[in-house]
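In the numbering used here, the protein residues as written are 1416 to 1667.
Backbone N, C-alpha and C fix where the C-beta goes; we use that ideal spot for every residue, glycine too.
Okay, structure first, notes after.
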Ligand code: PEP
């Protein structure tokens, strides 16, 4: 059976001290009440080593929010997949719409990042999703398929096992507008069909597909009840431990 996952994406929030405090609070809450799903926290680079050490004996896994598309060398300010791996992090989020939009990450660049991350033994949470304009033009399926084809459908079936997909309609990220559970289920089922066309029904069935976009404790239960929604990638609501725990509890 595929994994149910609730993953946080802190984005560019929290100083090191604030991040350690948040991770500590979450660790204590989850030690008191075991989650019914895999829990991941995606933190800025500077938190990775400290937070990985802090949660190493508990249920929480750690993710980076990005990595470089180069293996090493003269790329000032960049952080490689090998460096991420060396912190103890298990995952990296790639293809987030904020990276695509503000940092001009193209499908080709993302493909390089995915390959380097997998080569280092990281698992990848790969984000896809359409803009409001594309949704209004009915292009959401074509956009998602193209984003998958452009950056991850070249992987071998073995490599595919390290991929988690996050469907995040851009119009729902940080806007308070959530896709309805029906809208989300429709596209999740389509994404799974696309995966099946490339990797077969069995691997598609084992692929976790997360929903992201203004997901919170109040709407998570309805979303997570849908057969093709395997959890969430959570931005704003991952910044306070009780809010994040409320979403984790949707799997109870
Ligand atoms: C995200 O950026 O991955 C996200 C889903 O953000 P939010 O939950 O704040 O909409």
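- Per DSSP, the unbroken alpha helix (DSSP H) holding residue 1602 starts and ends at 1596-1614.
- Straight across, the Cα-Cα distance linking residue 1610 with residue 1596 is about 21 Å.
- By the C-beta density criterion, residue 1418 is exposed, having fewer than 16 other C-beta atoms within 10 angstroms.
- Using a 10 angstroms sphere on the CB of residue 1555, the tally of other CB atoms reaches 16 or more, which defines it as buried.
- Pairing residue 1431 with residue 1663, the inter-Cα distance amounts to about 24 Å.
- Cβ neighbours of residue 1563 within its own chain (closer than 7 Å, five residues either side excluded): 1543, 1609.
- Assignment of residue 1422 by DSSP, reduced to helix, strand and coil, places it in the strand class.
- In the displayed model, residue 1648 falls within a strand according to three-state DSSP.
- Residue 1520 carries a coil assignment under DSSP once its states are collapsed to helix, strand and coil.
- Looking at the backbone, the Cα of residue 1637 and that of residue 1653 are separated by about 18 Å.
- According to DSSP, residue pairing for residue 1452 in a beta bridge does not occur.
- Using a 10 angstroms sphere on the CB of residue 1616, the tally of other CB atoms stays under 16, which defines it as exposed.
- Within the same chain, 1463, 1464, 1467, 1468, 1471, 1477 come within 8 Å of residue 1503 by CB-CB distance, once the 5 residues on both sides are set aside.
- A direct Cα-Cα distance of roughly 8 Å separates residue 1520 from residue 1510.
- Listed as beta-bridge partners of residue 1476 by DSSP are 1455.
- Here residue 1560 carries a helix assignment [DSSP, helix/strand/coil].
- For residue 1650, the distance from the CB to the nearest heavy atom of the ligand PEP is below 7 Å.
- Assignment of beta-bridge partners to residue 1482 by DSSP yields no partner.
- Of the candidates 1629, 1576, 1640, 1500, the residue whose Cα lies closest to the Cα of residue 1623 is 1576.
- Remark: the C-beta of residue 1424 is in contact range of the ligand PEP, defined as less than 7 Å to any heavy atom.
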